[in-house]
Amino acid sequence: MSDGYAAIKSFDDFDRVVDPAVYRPLPDDWQVGVSDVVDSRAAIREGRYRAVNTAGAAIISALMNALDGEPFPFVFGGDGARFLVASEHGHVARDAMARTARWVRTYLSLDLRVGMTSIATVRAAGHDVRVARYEASPDACYAMFSGGGIEWVEQQLKSGEFRLDPAPPDALPDLTGLSCQWGPVGSKNGVILSLIVKPGAGAALAVFAELVRDLLAELKQTSRLNPLPSDGPNFTWPSGSLALHAGIHRTPGNSALMARLRATATAAMAWTLLKTGWRLGRFDPAHYRRVMVNNTDYRKYDDGLMMTVDCTEATAAALERRLGDAAAAGIVHFGLHRQETAVMTCIVPSVLHDGHLHFLDGGGGGYAQAAEQLEARKAQRHAL
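Under our numbering, the first residue of the sequence shown is numbered 708, with each subsequent residue one higher.
Have a look at this one:
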């Protein structure tokens, strides 16, 4: 049933992410994959969050290439990713995950924890996996997950279950299309806010859904949420990410120097076209930047609401108070992190097709910092 995900009808009103009617179950034999960077907090303290984001997005890129572009549901989470594949693609996905873990260890000096199990295992443990397709633009759909099952798989992976070993040193993934060339995007309203809101233990899902809808309505009244300018971000010379991009270009037999030269040449071409607005054949830089804005995943639902948005400090403070009250009532667990910039990691199979994807996160630790805060609050409440 490899067309199970593509057959799910998409929706384009993000407020419906908490509507159970847009979610569909997938068969028991589908496989759940999870990845996350071990001790991403240490990398953040060292100023290496771009590398952490690249490791998280690399899994998605490797799978896209390994599956020859066949659609599958995934969510980018900052320091990792979550996805589902049909049972017949399980061996391909395992191989791509193991190869990516090796690449991350070799070229990013990070430990990417990867693992996989079946939806049947998740359901036997009392959880579920349900999937929706949110249409961010006519050419970009992002998966939304509910049911708590993928959250449970990640917890089990961190406890040592379902883990896959990295591939041998010479077995590297195909990361064609993965890109991290865009510079930081500054806030126009004062704060780039990375926010994670999960249902509280035992909370009525209808009550949680009502709270999420209220939060979204409040945000829309006060701010233009997408951190990217409406005509697209400004492209600056990516001096801080050239080494990362050179790692993406590394393949067996390809020297570090050649990879660096290729990354520099690619950056120079992009800088020239995006700065001048010159067209090259069918590539229109202005059109590309406008599509990029619509295709960003600055908001998502992954067993809870996740957003990286541009808002005022007053809005951020009001949200924090509202969520604090909801947490005290047992409705939610939440974490949020304020920073001055947002960063993008991209997957661009072709600059001539509008289906390029752009994963947005906070530039100061973003989702990883918000998740750490959420877990600390959850532990404190459990202790009480």
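Just so it is clear, CB atoms sit at the ideal spot from N, CA and C, and this is done for glycine as well.
List the whole-angstrom C-beta distance separating residue i from residue j, where the pair is believed to meet the contact cut-off of C-beta under 8 Å.
{"i": "residue 764", "j": "residue 783", "result": "6 Å"}
{"i": "residue 1056", "j": "residue 884", "result": "5 Å"}
{"i": "residue 937", "j": "residue 1015", "result": "With a Cβ gap of about 17 Å, residue 937 and residue 1015 do not count as contacting."}
{"i": "residue 760", "j": "residue 1068", "result": "6 Å"}
{"i": "residue 869", "j": "residue 863", "result": "6 Å"}
{"i": "residue 1010", "j": "residue 857", "result": "6 Å"}
{"i": "residue 734", "j": "residue 754", "result": "Wrong, their Cβ atoms sit about 43 Å apart, outside the cutoff."}
{"i": "residue 939", "j": "residue 997", "result": "6 Å"}
Who are the Cβ neighbours of residue i in its own chain at under 6 Å, not counting the five residues just before and after it?
{"i": "residue 842", "result": "717, 719, 848"}
{"i": "residue 945", "result": "888, 974"}
{"i": "residue 1065", "result": "999, 1002, 1003, 1051, 1053"}
{"i": "residue 953", "result": "966, 967, 970"}
{"i": "residue 729", "result": "718, 723, 839"}
{"i": "residue 767", "result": "781, 788"}
{"i": "residue 933", "result": "1005"}
Keeping to the same chain, check which residues put their C-beta closer than 7 Å to that of residue i; ignore five residues upstream and five downstream.
{"i": "residue 995", "result": "1058"}
{"i": "residue 1078", "result": "903, 1042"}
{"i": "residue 989", "result": "1059"}
{"i": "residue 1027", "result": "1043"}
{"i": "residue 832", "result": "859"}
{"i": "residue 834", "result": "854, 855, 856, 859"}
{"i": "residue 1030", "result": "904, 1039, 1041"}
{"i": "residue 978", "result": "942, 944"}
Please classify residue i: does DSSP put it in a helix, a strand, or coil?
{"i": "residue 868", "result": "coil"}
{"i": "residue 1083", "result": "helix"}
{"i": "residue 799", "result": "helix"}
{"i": "residue 1055", "result": "coil"}
{"i": "residue 816", "result": "coil"}
{"i": "residue 1089", "result": "helix"}
{"i": "residue 791", "result": "strand"}
{"i": "residue 884", "result": "coil"}
{"i": "residue 835", "result": "strand"}
{"i": "residue 842", "result": "strand"}
{"i": "residue 879", "result": "coil"}
{"i": "residue 786", "result": "coil"}
{"i": "residue 874", "result": "coil"}
{"i": "residue 1036", "result": "coil"}
{"i": "residue 854", "result": "coil"}
{"i": "residue 1031", "result": "helix"}
{"i": "residue 822", "result": "strand"}
{"i": "residue 707", "result": "Lying before the first or after the last residue shown, residue 707 is absent from the chain, which here runs from 708 to 1091."}
Taking Cβ positions, are residue i and residue j nearer each other than 8 Å?
{"i": "residue 876", "j": "residue 807", "result": "no"}
{"i": "residue 838", "j": "residue 850", "result": "yes"}
{"i": "residue 816", "j": "residue 887", "result": "no"}
{"i": "residue 787", "j": "residue 853", "result": "no"}
{"i": "residue 758", "j": "residue 981", "result": "no"}
{"i": "residue 966", "j": "residue 880", "result": "no"}
{"i": "residue 1048", "j": "residue 896", "result": "no"}
{"i": "residue 745", "j": "residue 820", "result": "yes"}
{"i": "residue 872", "j": "residue 769", "result": "no"}
{"i": "residue 1006", "j": "residue 721", "result": "yes"}
{"i": "residue 1075", "j": "residue 898", "result": "no"}
{"i": "residue 775", "j": "residue 1062", "result": "no"}
{"i": "residue 943", "j": "residue 890", "result": "yes"}
{"i": "residue 809", "j": "residue 874", "result": "yes"}
{"i": "residue 878", "j": "residue 811", "result": "no"}
{"i": "residue 1033", "j": "residue 923", "result": "no"}
{"i": "residue 1073", "j": "residue 785", "result": "yes"}
{"i": "residue 731", "j": "residue 751", "result": "no"}
{"i": "residue 892", "j": "residue 935", "result": "yes"}
Near residue i, what residues of its chain come up, given a Cβ to Cβ distance below 8 Å and the 5 sequence neighbours on each side ignored?
{"i": "residue 709", "result": "Because the pLDDT at residue 709 is just 42, under 50, the model does not fix this residue reliably, and the value given afterwards should be weighed accordingly. So the list reads 777, 793, 795, 796, once near-sequence residues are dropped."}
{"i": "residue 915", "result": "725, 906, 907, 1038, 1039"}
{"i": "residue 773", "result": "799, 800, 802, 803, 880, 881"}
{"i": "residue 823", "result": "738, 739, 740, 741, 797, 800, 801, 804, 869, 871"}
For residue i, would you say it is in contact with chain B, using Cβ-to-Cβ distances shorter than 8 Å as the test?
{"i": "residue 1046", "result": "The chain labelled as chain B is not found in the depicted structure, where only one protein chain is given."}
Taking the runs of the beta strand (DSSP E) that are 3 residues or longer, which of them lie wholly in the segment 709-784?
Complete beta strand (DSSP E) runs here, min 3: 738-744, 781-783.
Would you mind listing the alpha helix (DSSP H) stretches within the segment 888-954 that are 4+ residues and don't spill past its ends, in chain order?
Listed in chain order, the complete alpha helix (DSSP H) runs (minimum 4 residues) inside the segment 888-954 are 912-929.
With a floor of 3 residues, list each beta strand (DSSP E) that falls wholly inside the segment 969-1019, ordered by position along the chain.
DSSP assignment within the segment 969-1019 yields the following whole beta strand (DSSP E) runs of 3 residues or more, N-terminal first: 1006-1008, 1012-1018.
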